[in-house]
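Working notes, structure below.
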Amino acid sequence: MVLAAGTLFLAVAASPGWAAPMKIDAKLAERGKAVYARECAVCHGPAGKGDGEAAYLLFPAPRDFTSKMFKIRTTPSGEAPQRSDIVRVLLLGLPGSTMPSFVSLPESDLRAVAEYVLSLAGFENEPAEFVKIPKAPPATPEWLAKGKAAYLKYECNKCHGDKGDGKGTSAAELKDYLKRPIRPNDYTKGVFKGGGDVQSIITRILTGIEGTPMPSHAEVLEKQEDVIALAHYVRQFSKGRDFWQPSTGVIPARRAQGKASLRTDDPQWAKVIPTPIPMMQLNNDGRPPIEMNVRALHDETSISILLEWDDATPDRMGSVGTFGDAAAIQFSLGEKDPPLFVMGARDNLVNIWHWAAPPVDVEATYAGMAVDDYPLSGKPYPRKEMGHPPIAASRATRTPFVSAWAAGNPISTPGLARPFMDLNAGGFGTLQPQGPKDQNVQGQARWFRGKWRVVFTRSMESPGKQDAQLLAGSIHPIGFAVWDGFRRDRNGQKSVTTWYKLRIE
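For reference, each letter of the sequence shown is one residue, going -19 to -1, 1 to 486 in mature numbering (1 follows the signal peptide of the UniProt record, and there is no 0).
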């Protein structure tokens, strides 16, 4: 009887009991291989095993395609995905992960990548069946009441909790297919892999999420109305929120009335319509994604860009284990297509404007000292009693004895460290500050009532050879990053966007 219920949702794609062998279009896959190497291998690895150069920074980990486990499908559990399933993920990305949207790529490239990914997975057969997705009517109190009953009947609350917050009685015991701990989704955050609309939620319920404890319910649900009611009930936990991955869009930089200001409270900003930009965490800890608002103005000589985002606390880097808030703007320097949004490429550099909340001044905390005078017996070193002189400040210390300064670390170099910095990168591990004479990015930052406002300002035309030239009438690829010190963000642990377009009017 359970199997009979499952047949409500399954349709045969090939002859019953027989699946056609997987046939890869070799020419299309070869084209996809080139796009994959440029856009995908940095995370998923050259052979699709989830071991790319950036993989160690990411949580959830990039998908190992050779495992044959594809989370977002319209096919039953264990079957190969449809090619259209892979293309849809490429178009939309996966909220709650670091899989971005590649909507900026041509559809022909996306289809080629999908073919190549299937070749990496090595499925023997095409999918024999696909899941029929019933069309849901609008939500009503009756549907929600039925959904609540179904939520409890099918024990969804054991993992996702009675309130949909992922705090069910079984939540702490869950593991993925590699036996790693995994959290059930917290629906209240509005983050749904595969989409938060009712039709997408129905699809996830019927197909499951491969490689996770979320199973297919196609052979469990007794009536078609159960899955519709469940989807409406799950959806209501998010109170209408539905976060999507950053994709692409245009940020206009309009002509200012007078000078382009570096002040966060300049009245001109109120007249500029902000461009909302969703961000994605590289190391997802379950918090809702940051949503940034971006405004830009220029006066034909200078350009100012205002970033604004919610942050409950202003954080400054200080003692070991504390981290500061920060933000960055990234420009592509190449005349050709921009590199992947992750720190540029060796043959396609990026120019980065970086702001960091000023760190706690160690020399102010430990006056006149370049290093901590650590106690030897659990008590402060009795300098006064024993006539021990204070250790000299860093400026009075010879460079070889301050190793970070000697190595050129800008944070440790007196006179160079500043809140706003101009940097360049050409891939992972290549980030370099420009020299003191080329540090021409200025700005102002202000935290007020749970919100950061940070203005970056620079001349539109710069003499620096590794600076973005932001001339009137031009369009530039632009990306953003934010670090939340309270959440222990630092270095590669941050929230980022893909490439947008800055259009300077």
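Glycine residues also receive a C-beta, built at the ideal position from the N, C-alpha and C atoms.
Which value, in whole angstroms, describes the spacing of the CA atoms of residue i and residue j?
i: Thr282; j: Ser440; result: 6 Å
i: Asp296; j: Pro162; result: 30 Å
i: Trp248; j: Leu483; result: A small fix is needed here, since residue 248 is Pro in this sequence, not Trp. In a straight line, the C-alpha of Pro248 is about 22 Å away from that of Leu483.
i: Trp225; j: Lys418; result: 41 Å
i: Gly410; j: Lys475; result: 16 Å
i: Val112; j: Gly445; result: 57 Å
i: Ala(-1); j: Asn106; result: 6 Å
i: Leu72; j: Arg164; result: 25 Å
i: Lys204; j: Thr184; result: 15 Å
i: Ile258; j: Ala234; result: 15 Å
i: Leu330; j: Gly407; result: 5 Å
i: Asn265; j: Arg468; result: 11 Å
i: Val109; j: Gly59; result: The residue you asked about is not Val; residue 109 is Ala in the sequence shown. Rounded to the nearest angstrom, the two C-alpha atoms are 11 Å apart.
i: Pro81; j: Asn274; result: 19 Å
i: Ser197; j: Lys52; result: 11 Å
i: Met324; j: Phe(-11); result: 45 Å
i: Leu202; j: Ala22; result: 39 Å
Using three-state DSSP, classify residue i as helix, strand or coil.
i: Phe218; result: coil
i: Pro257; result: strand
i: Pro417; result: helix
i: Ala406; result: strand
i: Ser181; result: helix
i: Lys174; result: coil
i: Gln474; result: strand
i: Glu11; result: helix
i: Tyr17; result: helix
i: His213; result: helix
i: His279; result: strand
i: Arg364; result: For Arg364, the predicted model reports a pLDDT of 47, less than 50, meaning its position is unreliable and no value from the coordinates is stated.
i: Tyr168; result: helix
i: Tyr355; result: Because the pLDDT of Tyr355 is 48, which lies under 50, any placement of that residue in the model is unreliable, and the number read from its coordinates should be weighed accordingly. Coil at Tyr355, not helix or strand.
i: Pro458; result: strand
i: Val231; result: strand
i: Arg399; result: coil
i: Ser197; result: coil
i: Tyr158; result: coil
i: Ser440; result: strand
i: His369; result: With a pLDDT of 48 at His369, under the threshold of 50, the modelled position of that residue is not reliable, and the figure given next carries that caveat. Coil.
i: Gln249; result: helix
i: Ile310; result: strand
i: Tyr135; result: coil
Leaving aside the five residues before and after residue i along the sequence, list all residues of the same chain whose C-beta is less than 6 Å from its C-beta, in chain order.
i: Pro194; result: Leu155
i: Pro269; result: Lys170
i: Thr131; result: As written in the sequence, residue 131 is Ala, which differs from the Thr given in the question. These residues qualify, in order along the chain: Asp207, Ala210, Leu211.
i: Asp223; result: Gly171, Gly177
i: Gly460; result: Gln311, Phe322, Thr478, Trp480
i: Arg54; result: Pro62, Asp66, Thr188
i: Met298; result: Phe304, Gly305, Pro340
i: Lys129; result: Tyr214
i: Phe46; result: Gly29, Val98, Leu101, Ala102
i: residue 555; result: In the structure displayed, the chain extends from -19 to 486; residue 555 sits before or after that span and is not available.
What does a CB cutoff of less than 7 Å around residue i pick up in its chain, not counting 5 residues either side in sequence?
i: Leu451; result: Ile284, Met441, His457, Ile485
i: Leu404; result: Ile333, His335, Leu412, Gln413, Pro414, Gln415
i: Lys148; result: Gly142
i: Asp157; result: Ile163, Gly192, Thr193
i: Ala449; result: Phe312, Leu314, Asn332, His457
i: Ala237; result: Gln249, Leu278, His279, Asp280
i: Asp465; result: Asp292, Asp306
i: Pro76; result: Val172, Phe173, Lys174, Phe224, Trp225, Gln226
Since residue i contacts residue j with CB under 8 Å, what's their CB separation in whole angstroms?
i: Val463; j: Thr229; result: That belief does not hold up - the Cβ atoms of Val463 and Thr229 are roughly 18 Å apart, past 8 Å.
i: Ser89; j: Ile5; result: Not quite, the Cβ-Cβ distance comes to about 17 Å (not below 8 Å), so this is no contact.
i: Gln425; j: Leu243; result: 5 Å
Please list, in chain order, all residues of the same chain as residue i whose beta carbon is under 8 Å from its beta carbon, the five residues on each side excluded.
i: Lys49; result: Ala61, Ala102, Gly103, Phe104
i: Lys317; result: Asn329
At a cut-off of 7 Å, would you count residue i as near the ligand FAD, judging by its Cβ distance to the nearest heavy atom?
i: Lys475; result: Absence of the ligand FAD is noted for the structure shown, with no ligands found whatsoever.
Do the segment 169 to 177 and the segment 211 to 220 meet, that is, are 3 or more Cβ pairs less than 8 Å apart? yes
With a threshold of 8 Å, are at least 3 pairs of Cβ atoms found where one atom belongs to the segment 9 to 28 and the other to the segment 94 to 106? yes
Stretch-stretch touch, CB-based, cutoff 8 Å, three pairs: the segment 321 to 337 with the segment 301 to 312: yes
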